[in-house]
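Chemist: Under my numbering, residues 131 to 684 are what the first sequence spells out, in order. Quick reminder that beta carbons are idealized off the backbone N, C-alpha and C, glycines included.
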Amino acid sequence: MKTAIKIIIHDALEKARRAGELKLSPFPEVVVEKPKDEKMGDFSTNVAMTLARSERKNPQAIAESVVRHLKNGSDDLRQVEIAAPGFINLKMSREFFMERLRSVVKQRDDFGKTNVGQGVKVMIEFVSANPTGPLHVGHGRGAAVGDVLGRILKKAGYDLSTEYYINDVGNQMNLLGKSTWLRYRELLGKAVEFPDDHYRGEYIKDIADQIVAQKGDEFLNKPEEECLPFFRKYAKDNILKGIKKDLAEFRVTFDNWFSEQSLYENNSVATAIEWLRGKGHVYEKDGAVWLKSSAFNDDKDRVIVKQTGEKTYFCSDIAYHQNKIDRGFKKIIDLMGADHHGYVPRMEAVLKAMGFDEKTFTILLVQFVSLLRAGKKVSMSTRAGEFKTLADVVSEVGVDVARYYFLMRSSDTHLDFDLELAKKETPENPVFYIQYAHARICNIFRAAEESGVVWSSSDAVNLALLNEEEELGIIRAVLAFPEVVEKSAQALEVHRISHYLLDMVSRFHSYYSRHRVISDDKALTLARLFLLDAIRITIRNGFALLGISAPEKM
RNA sequence: GCGCCUGUAGCUCAGCUGGAUAGAGCAACGGACUUCUAAUCCGUAGGUCGUAGGUUCGAGUCCUACCAGGCGUGCCA
């Protein structure tokens with residue numbers, strides 16, 4: 131919608147230049163926004179102010195000149211005003227809005243689609259939690275944000291792939307295998323000493339239990355080294371299966387699950403190191419191999435091969451990202467928990483060293499989640515305290531609520547997730563507020579059908595009857611949806627969608643309480659049903675982006 | 001010490017990449033169900049945008065310094 135306005139203003143500027151009134155070098159970027167107060171107009175632009183300096187004229191004079199050329203341009207304009215200190219406020223004709231409202235209903239599920247992405251290949255990697263235990267609430271936030279970001283990017287016209295990187299090698303895997311093996315021995319009556327740095331969770335015992343059931347004491351008298359590979363793999367597979375199940379229930383799916391181990395098996399890690407060595411980005415010191423990341427803005431150089439000959443986690447991550455580049459992704463997004471933020475500069479250094487445009491590599495940090503119950507912090511310790519896994523939270527509050535809570539705040543602020551508040555079906559809980567609007571609309575359609583109204587979205591419906599101030603406000607809000615999607619995609623911010631829906635829907639609730647939709651005035655009834663259909667479509671499409679259901683009854 | 005995030009109404013948070021008189025929800029107070037769903041709506045009250053400077057026509061937004069909270073600063077992942 132705003133692009134249409136941009137073009138109109140652009141044309142007016144062009145005419146002003148030809149008339150010799152403005153120099154326009156350089157030609158300014160036209161910024162169109164919505165005025166704070168809807169009474170001032172439907173749109174406004176500040177070009178006159180931004181031009182003041184380069185034109186060496188005062189904004190008022192520039193605005194006057196632009197407006198002169200605006201007036202005899204477009205049928206869509208109803209009124210043009212200049213406001214101090216130089217804003218140009220535009221009011222659009224009714225037809226301008228009504229045409230677009232019709233197109234919302236025609237587009238249905240596609241409403242909100244844009245093409246800012248222009249089919250650019252994007253990879254977004256998220257969650258990527260070690261398969262050493264079930265997902266916790268923090269992972270849940272990352273999962274929700276990553277998943278929704280993906281949906282938004284797709285809607286905005288990107289060619290998107292989502293991926294989960296599985297850290298299935300290295301020290302953590304060894305600890306996992308060892309932990310399981312120890313629990314196994316314990317179950318079979320051996321006295322074991324369980325080290326502090328091993329995985330102590332109950333789930334390890336469950337896995338050991340399964341192994342006992344399947345394999346009996348087969349491993350009891352074998353040496354540790356012979357047992358560990360089996361325990362490692364068994365525990366990993368088991369936990370990974372659980373992670374996949376939890377995510378699926380949370381409505382999060384991935385296009386690809388990428389194994390770290392595969393990078394070793396096909397020699398990618400070694401190849402990556404050699405490649406960097408060839409470029410002179412790698413050197414040896416103290417018996418280890420270092421990446422010269424400090425040459426690319428990192429605080430210091432980083433070890434990629436330890437003295438022991440083992441590769442670090444960072445090392446395979448280098449190979450992994452080289453792999454992403456090789457697969458042709460032009461935009462690479464990594465989601466990480468904020469506790470990993472120390473990792474950002476070195477990762478950026480790697481991408482720079484590999485010659486990848488730094489502007490198209492983004493690490494998004496998702497801040498912590500504090501789980502509360504009625505205002506009191508829920509302990510997140512591994513000890514069998516209160517709810518701590520994602521699955522637990524989901525089963526308590528439901529998927530819709532859980533997702534909404536993770537998505538309602540900007541991801542770079544800490545999030546308080548209060549379980550009691552989340553369960554309340556009151557205005558304190560915005561999910562229900564939005565869902566209720568949808569259910570209400572569906573109910574009106576049911577009532578209309580029951581009373582014999584035959585509604586349609588045909589062009590014969592006279593939208594000019596939508597004259598109420600509230601109606602025009604809602605129409606404007608509905609039509610803004612594609613821009614919200616676009617902005618979310620550009621800023622990589624999911625919470626904009628939640629906030630938008632809340633605002634749009636509150637206009638509907640307010641409208642609902644002031645005006646009846648179904649009345650004896652048949653033409654007006656049809657026009658209002660048309661509007662409600664558009665609102666309903668927008669709620670559904672918005673919820674589809676958030677992965678939240680839109681119930682027809684509540 | 002250094003780095004990252006945050007600081008906006010009593011509470012939880014927005015603020016559209018620098019625009020017009022800083023906005024919602026909750027909590028408080030007062031109203032609205034004989035109607036298409038009251039899981040709703042209407043009204044009142046609530047502010048030194050952490051502090052101090054700077055940049056300009058214009059700053060909650062940008063730059064600098066400081067204060068407070070969180071996180072990080074491994075040959076862990």
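Excluding sequence positions up to five away, which residues of its chain have a Cβ less than 6 Å from the Cβ of K284?
Modeler: Result list for K284: L290, in chain order.
Chemist: Please say whether H568 and I455 have beta carbons closer to each other than 7 Å?
Modeler: Not closer than 7 Å, so no.
Chemist: With a cut-off of 8 Å on the beta carbons, I'd call C357 and W311 a contact; round off their distance for me.
Modeler: Contact holds; Cβ gap of about 5 Å.
Chemist: If you follow the alpha helix (DSSP H) that R147 is in, where does it begin and where does it stop?
Modeler: Segment 132-148, the alpha helix (DSSP H) holding R147.
Chemist: Go ahead and label R148 buried or exposed: buried means 16 or more other beta carbons lie within 10 angstroms of its beta carbon, across all protein chains shown.
Modeler: Looking at its Cβ environment, which holds fewer than 16 other Cβ atoms inside 10 Å, R148 is exposed.
Chemist: On the CB-based measure, 16 or more other CB atoms within 10 Å of its CB, does T383 come out buried or exposed?
Modeler: By the neighbour-count rule (16 or more Cβ atoms within 10 Å), T383 is not buried but exposed.
Chemist: Which of helix, strand or coil does DSSP assign to K221?
Modeler: Looking at K221 - three-state DSSP - the assignment turns out to be strand.
Chemist: Using only the alpha-carbon positions, how far apart do Y473 and G287 sit?
Modeler: Cα-Cα distance, rounded: 30 Å.
Chemist: With distances taken from CA atoms, which of R476, A468, K371, L393 is nearest L421?
Modeler: L421 has its Cα closest to that of R476, out of R476, A468, K371, L393.
Chemist: Quick one: complete alpha helix (DSSP H) runs, 4+ long, within the region 162-241?
Modeler: Runs of the alpha helix (DSSP H) inside the region 162-241: 177-185, 189-201, 224-237.
Chemist: If you compare alpha carbons, which of H625, K482, Y443 is closest to K409?
Modeler: For K409, the nearest C-alpha among the options comes from K482.
Chemist: How many angstroms separate the CA atom of I678 from the CA atom of H328?
Modeler: About 38 Å.
Chemist: Going by C-alpha distance, which of L377, I434, D277, I667 is nearest V399?
Modeler: V399 has its Cα closest to that of I434, out of L377, I434, D277, I667.
Chemist: Alpha carbon to alpha carbon, how far is G439 from G417?
Modeler: Near 9 Å, if we compare the C-alpha coordinates of G417 and G439.
Chemist: Where do the ends of the beta strand (DSSP E) carrying Y294 lie?
Modeler: Y294 -> beta strand (DSSP E) spans 289-296.
Chemist: To the nearest angstrom, report how far apart H451 and M484 are at their CA atoms.
Modeler: The alpha-carbon atoms of H451 and M484 are separated by roughly 9 Å.
Chemist: If you run the structure through DSSP and keep just helix, strand and coil, what is R330?
Modeler: If DSSP states are grouped into helix, strand and coil, R330 belongs with coil.
Chemist: To the nearest angstrom, how far is the alpha carbon of H544 from that of K430?
Modeler: C-alpha separation (whole angstroms): 29 Å.
Chemist: Going by CA-CA distance only, name the one from E163, S223, A146 that's closest to S195.
Modeler: Comparing Cα positions, the closest option is A146.
Chemist: Do S309 and L393 come within 7 Å of each other at the CB atom, strictly closer than that value?
Modeler: Contact flag unset, no.
Chemist: At the level of alpha carbons, what is the spacing between T292 and E682?
Modeler: Each residue's alpha carbon lies about 31 Å from the other.
Chemist: Taking only the alpha-carbon atoms, compute the straight-line gap between F256 and D336 and give it to the nearest angstrom.
Modeler: For F256 and D336, the distance between alpha carbons rounds to 27 Å.
Chemist: Grouping DSSP H, G and I as helix and E and B as strand, with all else coil, what is D522?
Modeler: It is helical.
Chemist: Just mark M303 as buried or exposed, buried being the case when its beta carbon has 16 or more other beta carbons within 10 Å.
Modeler: Counting Cβ neighbours within 10 Å, M303 comes out buried, since at least 16 surround it.
Chemist: Pull up the CB-CB distance for K460 and K251, whole angstroms please, since I reckon it's below 8 Å.
Modeler: 5 Å between Cβ atoms; contact.
Chemist: Could you give the residue range of the beta strand (DSSP E) that holds K461?
Modeler: Start and end: 461-467.
Chemist: Spell out the partners DSSP gives R432 in its beta bridges.
Modeler: Paired residue(s): L421.
Chemist: Would you check if the region 363-374 and the region 231-250 touch, i.e. whether three or more CB-CB distances between them fall below 8 Å?
Modeler: Not touching, per the Cβ criterion.
Chemist: Are V342 and L306 closer than 7 Å when you measure CB to CB?
Modeler: No.
Chemist: State the Cα-Cα distance for the pair I137 and L143, rounded to the nearest angstrom.
Modeler: The alpha-carbon atoms of I137 and L143 are separated by roughly 10 Å.
Chemist: Which residues does DSSP pair with E255 in a beta bridge?
Modeler: Beta-bridge pairing links E255 to E293, D464.
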